[in-house]
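Student: Just so you know, we're using our numbering here: the sequence shown kicks off at -6 and counts up by one. We put the CB at the ideal spot given by N, CA and C, even for glycine. As the structure is a prediction and not an experimental result, all values here were calculated from the model. The structure that follows is given in the form of structure tokens.
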Amino acid sequence: MSRFAEVMVLARRAEGVMEPLTRPDENREWHQCFTRVDDGMFDGASIPTEECYVWIIQFIRHNWRGLLSHLESLAWPEPSSVQVLVR
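Below, the structure is given as structure tokens:
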């Protein structure tokens, strides 16, 4: 079993919800920050659309306690579009 865990969050129009998680916050149970990946990175456009947003984060060992419950508690603009993938 790997000691690394990658988490991907896919959600439409969730920039405002996820932006605080891209910055350090000592009040969170985990200390890593998400990195945004948008469709502008893949089609050569410098302006991303609101339709394709993914945020990624990697943890070493099991130090992501509280992450899933925190994500679940957020006010998502389109809750039906939210997917959380853990590997």
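Check E8 in the structure and name its three-state DSSP category.
Tutor: helix
Student: How many angstroms separate the CA atom of N56 from the CA atom of V77?
Tutor: 17 angstroms
Student: Measuring only the C-alpha atoms, how far is R(-4) from L60?
Tutor: 17 angstroms
Student: For L14, which of helix, strand or coil comes out of DSSP?
Tutor: helix
Student: Taking the alpha carbon of E71 as the point to measure from, which residue in T15, M11 and D32 has its own alpha carbon closest?
Tutor: M11
Student: With DSSP collapsed to three states, give me the class of L3.
Tutor: strand
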